[in-house]
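Following UniProt numbering, the numbering of the sequence shown begins with 1 at its first residue and continues without gaps.
Notes follow once the structure below has been shown.
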Amino acid sequence: MWGGVKLRVVRDDLYPFVGGGSKARKAVAYEVFLRENGYNAIVTCGGIQSNHNRAMALMCAKNGWKCHLCIQGSEERFMNEKGNALLDRLSGAECELIRLEDTAVAMDRAMKKLKEEGYNPYYVTGGGHNLPGGTCFVDAVLELKYQCERIDYKPDYLFLASGTGSTQAGIVVGLDLVGWGDVKCVGISVARQQGRGKQVIVEFANMLAAHYGLKRDYSESIFFNTDYLCGGYEKFTPEMKDYLDQTTAKTGLVFSTTYSGKGFYGMMQEIEKYHLKDKNIVFWHTGGLMNIMK
1 MWGGVKLRVV RDDLYPFVGG GSKARKAVAY EVFLRENGYN AIVTCGGIQS
51 NHNRAMALMC AKNGWKCHLC IQGSEERFMN EKGNALLDRL SGAECELIRL
101 EDTAVAMDRA MKKLKEEGYN PYYVTGGGHN LPGGTCFVDA VLELKYQCER
151 IDYKPDYLFL ASGTGSTQAG IVVGLDLVGW GDVKCVGISV ARQQGRGKQV
201 IVEFANMLAA HYGLKRDYSE SIFFNTDYLC GGYEKFTPEM KDYLDQTTAK
251 TGLVFSTTYS GKGFYGMMQE IEKYHLKDKN IVFWHTGGLM NIMK
């Protein structure tokens, strides 16, 4: 019990690759995909404290592959911050600082340059929003079901922080594939508004379902909650920060206000709001430890 809530936590924050988190899980999946398909370089993008960039850069360093990061932000901030930015710099990746609106052009330019240099690069959409970034979470749901069956437990609800949406889409499709389609998966948005945010997840889930031979349309079964944005990406309220700090002191779980913290705080508010304390609830901790070390 957790304050009266029957809660279990999936500890992807402890995933065993530098920095951990959902992006580390994705990076390991990309490692297999790139090797099997003969790629030896990637181009990807993200913000200055992007967990995705950090995980992909270190994965490439491990394999001796070329990595080009299109980093959205100022060079001054990038060079002065620690956390993920420091690991990006240490990884040996080529770090190109760009404006957000120039992302597509910069990535295309980097792809062309790498090909001219003789590399075989793969274009990784921000956040790992390609097929390997979804299938690894389908596999993760298989892990979850195995663990739950060992303790005779099945969730009624599953909550997580939701960003680009491939993690949530992978989990939703995974739940269907393991026969847990009745489990309600709720993504707490960390940045995106309802319209675009939900649609991207629906499209990705439909694509994943087709990959596995499922004839499903997820238009009506994606739950994307935007009530805890606090004004947008990396923004939070003093109340949220205080709640998360108290939770860490009581439990040892560490949250960033950018990602997992918004998800956890939003979940606990929803549990109270909709009287869900008698339900079996899983929180998928997607990590973000490096975000509080910047």
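Glycine is no exception: its CB is placed at the ideal position from the N, C-alpha and C atoms.
According to DSSP, is His285 part of a helix, a strand, or is it coil?
Indexing the sequence shown from 1 puts residue 285 at position 285. In this structure, His285 counts as strand in the three-state DSSP scheme.
What is the DSSP secondary structure of Glu94, reduced to helix, strand or coil?
Position 94 of the sequence shown, counting from 1, holds the residue named residue 94. DSSP, read as helix, strand or coil, puts Glu94 in strand.
The region 49-62 in contact with the region 88-98 per 3-pair CB rule at 8 Å:
At 8 Å Cβ cutoff, the stretches touch.
Return the Cβ separation of residue 327 and Gly288 in integer angstroms, given the expectation that the two are a contact with Cβ distance under 8 Å.
No statement about residue 327 is possible, as the shown extent of the chain runs from 1 to 294 and does not include it.
Cutoff 7 Å; reference Ser219; Cβ partners in own chain excluding five residues on either side:
Residue mapping note: residue 219 aligns to position 219 of the sequence shown, counting from 1. Excluding positions up to five away in sequence, the list reads Val202.
Alpha carbon of Gly64 to alpha carbon of Cys185, nearest angstrom:
Counting from one through the sequence shown, the residue named residue 64 turns up at place 64. Counting from one through the sequence shown, the residue named residue 185 turns up at place 185. Each residue's Cα considered, the two are about 38 Å apart.
Taking contact to mean at least 3 C-beta pairs separated by less than 8 Å, is the region 230-250 in contact with the region 140-147?
Taking 8 Å as the limit for Cβ pairs, the verdict is that the region 140-147 does not touch the region 230-250.
Using the beta-carbon count (16 or more within 10 Å), is Tyr15 buried or exposed?
Here residue 15 corresponds to residue number 15 of the sequence shown, with the count starting at 1. The residue in question, Tyr15, is buried, as its Cβ has 16 or more Cβ neighbours within 10 Å.
C-alpha distance - Glu270 paired with Leu276, whole-angstrom precision:
Residue mapping note: residue 270 aligns to position 270 of the sequence shown, counting from 1. Residue mapping note: residue 276 aligns to position 276 of the sequence shown, counting from 1. Roughly 8 Å separates the two Cα atoms.
Taking a contact to mean a Cβ-Cβ separation below 9 Å, would you say Arg174 touches Val200 in this structure?
Here residue 174 corresponds to residue number 174 of the sequence shown, with the count starting at 1. Here residue 200 corresponds to residue number 200 of the sequence shown, with the count starting at 1. Looking at the sequence provided, one finds Gly at residue 174 rather than Arg. In this structure, Val200 does not lie closer than 9 Å to Gly174 by Cβ.
In or out: Met79 buried (at least 16 other Cβ within 10 Å) or exposed?
For the purposes of this step, residue 79 is taken as residue 79 along the sequence shown, with counting starting at 1. Exposed, because fewer than 16 other Cβ atoms sit within 10 Å of the Cβ of Met79.
Name, in chain order, the residues that DSSP records as bridge partners for Gln72.
Residue 72 sits at position 72 when you count from the first residue of the sequence shown. Beta-bridge pairing links Gln72 to Gly47, Ile98.
Kindly indicate which residue of Pro132, Ala61, Gly46, Tyr119 has the alpha-carbon position closest to the one of Glu101.
Here residue 101 refers to the residue found at position 101 of the sequence shown. Measuring C-alpha to C-alpha distances from Glu101 to each of Pro132, Ala61, Gly46, Tyr119 identifies Gly46 as the nearest.
Please tell me whether Thr286 and Ser22 are closer than 9 Å, where the distance is taken between their beta carbons.
Taking the sequence shown and counting its residues from 1, one reaches residue 286 at position 286. Taking the sequence shown and counting its residues from 1, one reaches residue 22 at position 22. Cβ distance < 9 Å, so Thr286 and Ser22 count as in contact.
Can you check which of these residues, Lys294, Thr251, Tyr274, Gly195, is closest to Val9 by C-alpha distance?
Along the sequence shown, read from residue 1 onward, the residue named residue 9 stands at position 9. Minimum Cα distance to Val9 is reached at Thr251.
Report the option in Lys66, Phe255, Leu97 whose CA atom is closest to the CA atom of Tyr122.
For this step, residue 122 is matched to residue 122 along the sequence shown. Answer by Cα proximity: Lys66.
Determine the extent of the alpha helix (DSSP H) in which Ala110 is found, giving its start and end residues.
Locating residue 110 in the sequence shown gives position 110, where the first residue counts as 1. Looking at the DSSP string, the run of the alpha helix (DSSP H) that includes Ala110 is 103-116.
Taking only three categories from DSSP, how would you classify Gly187?
Along the sequence shown, one-based indexing puts residue 187 at 187. In the structure shown, Gly187 adopts extended strand secondary structure according to DSSP, grouped into three states.
Rounded to whole angstroms, what's the CA-CA distance from Val18 to Leu214? Just pull it up for me.
Indexing the sequence shown from 1 puts residue 18 at position 18. Indexing the sequence shown from 1 puts residue 214 at position 214. Approximately 34 Å between the Cα atoms of the pair.
So, with DSSP's three-state summary, where would you put Leu229?
Taking the first residue of the sequence shown as 1, we reach residue 229 at position 229. If DSSP states are grouped into helix, strand and coil, Leu229 belongs with coil.
Between Met268 and Gly83, is the Cβ-Cβ spacing less than 9 Å?
One-based indexing of the sequence shown puts residue 268 at position 268. One-based indexing of the sequence shown puts residue 83 at position 83. Their beta carbons are not under 9 Å apart, which means Met268 does not touch Gly83 by this criterion.
Counting only the same chain and skipping the five closest in sequence on each side, list residues whose C-beta sits under 7 Å from that of Arg11.
Translated into the one-based positions of the sequence shown, residue 11 becomes position 11. His285.
Closest by C-alpha distance to Val190, when choosing among Ala209, Trp180, Lys154, Cys230
Taking the first residue of the sequence shown as 1, we reach residue 190 at position 190. Taking only the C-alpha atoms, the option nearest Val190 is Cys230.
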